[in-house]
Amino acid sequence: MKLPDFEAWAIFAKVAERGSFARAAEELQLSKPTVSKAVSRLEQSMGISLFNRNSRHMSLTESGRLLVGHANRILAEAEAAESEARGGTHRPSGLIRVAAPMTFGIQHLSPVLPGFLEQYPEIDISVDFSDALVDLVAEGYDLALRIAALADSSLRARRLCRVRLLLIATSTYLDRIGRPTHPRDLEELKSFVYTNNSAPGTVRLTRANTGEEFVLSQASRFRADNAEAFLPALNADLGFGLFPEFMIWDGLRDGRFEQILPEWDAASIALYLVTPSSTLRPFRVSVFLEHLAKAFEHPPWAVSAP
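Just so we're aligned: the sequence shown equals residues 1 to 306 in full-length UniProt numbering.
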């Protein structure tokens with residue numbers, strides 16, 4: 001029985017991650033010809049091309065995209081096994097790839113990264129800020145931050161804190177149109193509608209003291225797939241919308257914004273750390289997960305305990 005060429009698979013994963021034979025060779029401390037030969041060896045053994053190459057650009061072929069998830073798992077499992085065998089006695093090093101929602105990532109993830117980078121000078125971090133739902137395994141991410149009510153999946157998820165969704169407007173806007181006394185009053189008004197979910201414009205509300213339920217159907221004045229886009233219009237007193245509290249907490253605190261119908265609650269979501277299903281992970285990823293868990297244990301936006 002011929003064993004798989006594990007070295008070639010691992011090198012393929014690193015080339016795909018770095019997007020360059022030269023950068024992969026530098027990180028792996030191998031020569032560029034060695035890296036190139038390993039990928040060619042893998043391609044020849046399977047009879048397929050893994051990369052489209054020319055003098056200026058390189059990209060994964062369709063076959064490469066289908067196989068890179070397997071390569072990433074092989075590399076991650078080997079790194080994790082070595083970390084476990086060493087008992088965490090070595091300094092963590094290498095690249096951590098992270099996916100994070102655009103607004104949350106820039107506003108709240110980015111500020112907690114400098115302390116980690118200072119503490120672990122041999123770790124590099126690559127963050128992709130996007131509201132798209134990425135495939136962690138296939139696209140080679142070590143972890144993702146997700147703000148949602150997570151459905152069942154093969155991934156491992158660690159809940160960090162609650163994120164409330166609040167109906168928000170400016171006090172000036174509410175002074176002009178009047179303060180609603182029931183959610184049905186809002187259906188007469190045009191609002192900001194977030195479209196990056198399964199039911200745009202539908203908000204399920206529950207009255208806290210009675211349990212009464214109401215499904216609010218928003219009429220849209222402005223629709224977008226990122227709620228941060230609504231903030232200039234919100235500040236200009238042009239409507240109301242449903243916002244995650246991490247986006248508007250400072251405006252509530254300083255009085256610029258006002259919560260509409262505070263006795264009615266929208267279903268809360270939560271901030272999660274999501275990783276591939278394997279229980280083994282590189283030491284650098286483990287220490288980063290703990291850093292994030294500590295950073296968001298008491299988030300600055302939370303007005304009540306998670």
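Backbone N, C-alpha and C fix where the C-beta goes; we use that ideal spot for every residue, glycine too.
| Check | Outcome |
| --- | --- |
| Beta strand (DSSP E) segments (min. 3 residues) lying fully within the segment 7 to 60 | 51 to 53, 58 to 60 |
| Burial state of Asp250 (16 or more Cβ within 10 Å) | exposed |
| Given 8 Å, three or more beta-carbon pairs between the segment 200 to 210 and the segment 139 to 151 | no |
| Residue nearest to Lys2 in terms of C-alpha spacing, selected from Ser45, Ala24, Lys37 | Ser45 |
| Spatial distance of Leu231 from Leu292 (CA atoms) | 27 Å |
| Alpha-carbon spacing of Phe222 relative to Ser191, whole angstroms | 7 Å |
| Sub-7 Å separation of Asp124 and Thr206 beta-carbons | no |
| Residue burial classification, Val112 (beta-carbon count within 10 angstroms, cutoff 16) | exposed |
| Residue closest to Trp9, alpha-carbon to alpha-carbon, out of Glu77, Asn54, Glu122, Ile106 | Glu77 |
| Per DSSP, the bridge partner or partners of Pro244 | Leu165 |
| Where the alpha helix (DSSP H) through Leu186 begins and ends | Unbroken run through Leu186: none, as it is neither H nor E. |
| Straight-line Cα distance separating Ser20 from Asn54 | 12 Å |
| Local conformation of Arg91 per DSSP, three classes | coil |
| Span of the alpha helix (DSSP H) around Lys294 | 283 to 295 |
| 7 Å Cβ cutoff met for Asn72 and Ala13 | yes |
| Anticipated Cβ contact below 8 Å, Asn197 with Asp131, distance rounded | About 10 Å separates the two Cβ atoms, so there is no contact after all. |
| Local Cβ density within 10 Å of Leu117, reported as buried at 16 or more and exposed below that | exposed |
| Close Cβ partners of Tyr194 (< 6 Å) along its chain, the five nearest in sequence each way excluded | Ala227 |
| DSSP bridge partner residues for Ser126 (one or two, in chain order) | Arg97 |
| Glu212, DSSP secondary structure in three states | coil |
| Extent of the continuous alpha helix (DSSP H) to which Arg146 belongs | Unbroken run through Arg146 is the beta strand (DSSP E), 143 to 148; no alpha helix (DSSP H). |
| Three-state class that DSSP yields for Tyr173 in the structure shown | helix |
| Burial state of Thr275 (16 or more Cβ within 10 Å) | buried |
| Nearest to Phe6 (by Cα), restricted to the options Ala22, Leu30, Glu26, Ala38 | Ala38 |
| Validate contact between the segment 279 to 288 and the segment 234 to 244 using beta carbons, cut 8 Å, 3 pairs | no |
| Residues near Thr61 in its chain [Cβ-Cβ closer than 7 Å; skip 5 each side] | Ser49, Leu50, Phe51, Asn52 |
| Classification of Pro183 by the beta-carbon crowding that lies within 10 angstroms, buried from 16 upward | buried |
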